[in-house]
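Chemist: Sharing a structure, written as structure tokens. Questions coming.
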Amino acid sequence: MSEYDYDLFVIGAGSGGVRAARLAAALGKRVGIAEEYRIGGTCVIRGCVPKKLLVYASRYGGEIEDARKFGWDYEDLQFDWPTLIHNVHREVDRLNGAYTRTLENAGVDRFLTRATVDGPHGVRLADREAPISADYILIATGGSPSMPDVPGKEHLISSNECFQLEALPDSIVVIGAGYIGMEFASIFAGLGVAVTVLHRGEQVLRGFDMDLRDGLAEAMRDRGVDLHMNADIAAVEKDGGGYRVALKDGSSVCASLVMAATGRAPNTKGLGLEDAGVELGRNGNVVVDEYSKSSVDSIYAAGDVSDRVALTPVAIREGTAFVETVFEGRPTVMDYTFIPTAVFTEPEIGTVGLTEEEARKKYREVDIYKSSFRPMRATISGRDETVLIKIVVDAATEKVLGVHLLGPDAAEIAQMAAISLKLGVTKPQLDSTMALHPSIAEELVTMRQKWTPPEPIKGSDAAA
Ligand code: FAD
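The C-terminal residue of the sequence shown carries number 481 in our numbering, and the numbering is unbroken.
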């Protein structure tokens, strides 16, 4: 019999924590888990799931307009935010229940309270005196929005509050043009809100392929979203019934609501980690090795709190790898290559592998295949939309290094492309694959023409 109360105690019942707890319990381990908000974590309660439901809602308006040209006719169309948000909450509640039952059925002890670390094998719960001991502790506390430190920051909301709004605002300023900022800008625009995006950088979506960044910015502007780049916030103040966002260049923007989407920080504050000897990184993240082990042998970390790749499937895989390593005697190193990613804007982005910029830094010669076209449905709907598909190839080996898509179903296509990239697909193998016609994805196997950058413009001919 172990000297500890539990073989494993997990702090945080989100994507990574629930998976690790369930798998360890299935191996017969004695497992406890603490959750201070709601079981399911960010993804289920105030991230991927409710967001994607809002994305669906935001697309119907445009689709109904498209449908008219296809012969459908409707009168008296109305959108009702309370109905939407009520139904979203109902689904979140259902998932919260499903995750809770999963833990219950696996025999995991659940503590709905805040937990902190008390030494290498100790956990303290906020609602009880007696400490709990565990052979291993898994920190799976995720992350929280980091808000800009400007005067008037108390007026800002984050993505968390977007899911709780009682009414849809007339106008909104979104600060930050990372994927969360762009997704919410797109959701609000689709629901008829006047949207302004203020971003400190040169272009939206830092880290994505430049063609996608440019393409999305242009498409969002065409949809009426007011995108301001190189915009540095100075302050936020109340202005009548709404708010005024003052910029450092002296200009200002007014809106009914101001949302900050300026990054997320790992939840490690006040967790007792430093006192237990756990090393934290610059962003407050738990520093871990390739097996997710912290600087203390009995304390591991999985998911956003370790600040590796902040996505749900990655957190889940890290939780799984932790259990394989620690409880199954199968040390498992995580593989972070070819993680497909989506941005659920309108139009949508789906991407996997290296961007052109990354590939050019890493490989001597890179071939680019690019196709930009009007999707078939736009020929009748008249919608002003362009699909962009781009393939990045290592010229020496012909291996496909990256696939980047902007347009309908880009996320679904990127998931399928990820399988072939993971298996090491080459451009000739793509070319030998039969096309599925008519589809957008067929372009992936029919592009033959290498893209060549335009000749640099020389001398006075430039104006000609
Ligand atoms: P979390 O899921 O955040 O779970 C951590 C849990 O720990 C939380 O429930 C928290 O309440 C709890 N906790 C924290 N501290 C304590 C404590 N001291 N004691 C007890 N409990 C504690 N990812 C995707 O893959 N696709 C998407 O489309 C996507 N969309 C997103 C949209 C938004 C708006 C946001 C915010 C995130 C999105 N993500 C998306 C990211 C994804 O949600 C996270 O990567 C994922 O949830 C990380 O899982 P985790 O287990 O690390 O942490």
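Glycine residues also receive a C-beta, built at the ideal position from the N, C-alpha and C atoms.
Looking at the structure shown, is A481 part of a helix, part of a strand, or coil, going by DSSP?
Modeler: Caution is warranted here: a pLDDT of 38 is assigned to A481, below 50, making its placement in the model unreliable, and the coordinate value is therefore given only provisionally. In the structure shown, A481 sits in coil (DSSP, three-state: anything other than H, G, I, E or B).
Chemist: Sorted by chain position, which residues of the same chain lie with C-beta nearer than 6 Å to K439's C-beta, five sequence neighbours on each side aside?
Modeler: Contacts found: F355.
Chemist: Which residues does DSSP list as the beta-bridge partners of Y23?
Modeler: Note: Y23 sits in a beta bridge opposite A151.
Chemist: Quick one: any contact between the segment 150-160 and the segment 325-342, if contact means 3 or more CB pairs under 8 Å?
Modeler: Segments in contact, yes.
Chemist: Output yes or no for whether 9 Å exceeds the beta carbon distance between L274 and S188.
Modeler: Taking 9 Å as the Cβ cut-off, L274 and S188 qualify as a contacting pair.
Chemist: Helix, strand or coil: how does DSSP classify D228 here?
Modeler: Note: D228 maps to helix in three-state DSSP.
Chemist: What residue range does the alpha helix (DSSP H) around S437 cover?
Modeler: Unbroken alpha helix (DSSP H) run through S437: A427 to K439.
Chemist: Express the C-alpha separation of Q466 and V551 in angstroms, rounding to a whole number.
Modeler: No answer is possible for residue 551: it lies beyond the span of the chain, which begins at 18 and ends at 481.
Chemist: Quick one: residues in its chain with C-beta nearer than 6 Å to the C-beta of V167, no 5 flanking neighbours on either side, listed in chain order?
Modeler: Here the set comprises I250 and A252.
Chemist: Please return the same chain residues whose Cβ sits closer than 6 Å to the Cβ of D22, not counting the five positions on each side in sequence.
Modeler: Contacts found: I149 and S150.
Chemist: Ignoring anything shorter than 4 residues or poking outside the segment 133-187, list the alpha helix (DSSP H) runs there in chain order.
Modeler: List check, alpha helix (DSSP H) in window: 176-179.
Chemist: Following a CB-centred definition, is D135 positioned closer than 8 Å to any heavy atom of the ligand MG?
Modeler: This structure does not include the ligand MG; its bound ligands are the ligand FAD.
Chemist: Between which two residues does the alpha helix (DSSP H) harbouring I356 extend?
Modeler: Where I356 is concerned, there is no enclosing alpha helix (DSSP H), given that its DSSP letter is neither H nor E.
Chemist: Starting from the C-beta of L447, find all residues in its chain whose C-beta is less than 7 Å away, skip the five residues before and the five after it, and write them out in chain order.
Modeler: So the qualifying residues of the chain are V417, L461 and V462.
Chemist: Starting from G58 and walking both ways along the beta strand (DSSP E), at which residues does that stretch end?
Modeler: Note, G58: premise wrong, no beta strand (DSSP E); alpha helix (DSSP H) at G58 to R63.
Chemist: Considering D256, what are the terminal residues of the beta strand (DSSP E) in which it resides?
Modeler: That run of the beta strand (DSSP E) goes I250 to D256.
Chemist: Would H454 be called buried (16 or more neighbouring beta carbons within 10 Å of its own) or exposed?
Modeler: By the 10 Å Cβ count, H454 comes out exposed.
Chemist: Tell me whether A282, by its Cβ, gets closer than 8 Å to a heavy atom of the ligand FAD.
Modeler: No - the ligand FAD has no heavy atom lying nearer than 8 Å to the Cβ of A282.
Chemist: In chain order, what residues of the same chain have a beta carbon less than 7 Å from the beta carbon of S315, not counting five sequence neighbours either side?
Modeler: Cβ neighbours of S315 beyond the five flanking positions: P137, H138, D152, Y153 and I154.
Chemist: Between G367 and I430, is the Cβ-Cβ spacing less than 9 Å?
Modeler: Yes, Cβ-Cβ distance for G367 and I430 is below 9 Å.
Chemist: Indicate whether the contact test is met: 3 or more Cβ pairs, each with one atom in the segment 127-147 and one in the segment 51-71, closer than 8 Å.
Modeler: The segment 127-147 is in contact with the segment 51-71.
Chemist: Please classify T450: does DSSP put it in a helix, a strand, or coil?
Modeler: Looking at T450 - three-state DSSP - the assignment turns out to be coil, as it is neither helix nor strand.
Chemist: Going by CA-CA distance only, name the one from G78, R39 and W89 that's closest to E121.
Modeler: Taking only the C-alpha atoms, the option nearest E121 is R39.
Chemist: Taking three-plus beta-carbon pairs below 8 Å as touching, is the segment 258-266 in contact with the segment 279-288?
Modeler: At 8 Å Cβ cutoff, the stretches do not touch.
Chemist: Whether or not the segment 360-380 and the segment 224-234 are in contact is what I'm after, with contact meaning three or more pairs of Cβ atoms, one per stretch, closer than 8 Å; do they touch?
Modeler: Touching, yes, given that three or more Cβ pairs across the two stretches are closer than 8 Å.
Chemist: Can you check which of these residues, L185, L70 and M451, is closest to D97 by C-alpha distance?
Modeler: The shortest Cα separation from D97 among L185, L70 and M451 belongs to L185.
Chemist: Cβ of F361 versus every heavy atom of the ligand FAD: is any distance shorter than 8 Å?
Modeler: Flag set: Cβ of F361 near the ligand FAD.
Chemist: Compare the beta carbon distance of Y116 and G57 with 9 Å and say whether it is the shorter of the two.
Modeler: Yes; because the gap between Cβ atoms is below 9 Å, this pair is in contact.
Chemist: Just the C-alpha distance for A147 and A202, rounded to the nearest angstrom, thanks.
Modeler: Each residue's Cα considered, the two are about 47 Å apart.
Chemist: Assuming the contact rule is C-beta atoms closer than 8 Å, V313 and G294 should be a hit. Round their C-beta distance to whole Å, please.
Modeler: Rounded, the Cβ-Cβ distance is 5 Å, consistent with contact.
Chemist: Applying the criterion that 16 or more other CB atoms from any shown protein chain within 10 Å of the CB defines a buried residue, is G88 buried or exposed?
Modeler: Classification of G88: exposed, given that the 10 Å Cβ count is below 16.
Chemist: Is T213 helix, strand or coil by DSSP?
Modeler: In this structure, T213 counts as strand in the three-state DSSP scheme.
Chemist: Can you have a look at V350 and say buried or exposed, based on whether 16 or more other CB atoms are within 10 angstroms of its CB?
Modeler: Exposed, because fewer than 16 other Cβ atoms sit within 10 Å of the Cβ of V350.
Chemist: Quick check on R36: buried or exposed, where buried means 16 or more other Cβ atoms within 10 Å of its Cβ?
Modeler: Flag for R36 reads buried.
Chemist: Among Y386, A282, D239 and A452, which one has its Cα closest to the Cα of G207?
Modeler: Residue D239 is the option with its Cα nearest to G207.
Chemist: Would the beta-carbon of I408 fall within 9 Å of that of G424?
Modeler: No; because the gap between Cβ atoms is not below 9 Å, this pair is not in contact.
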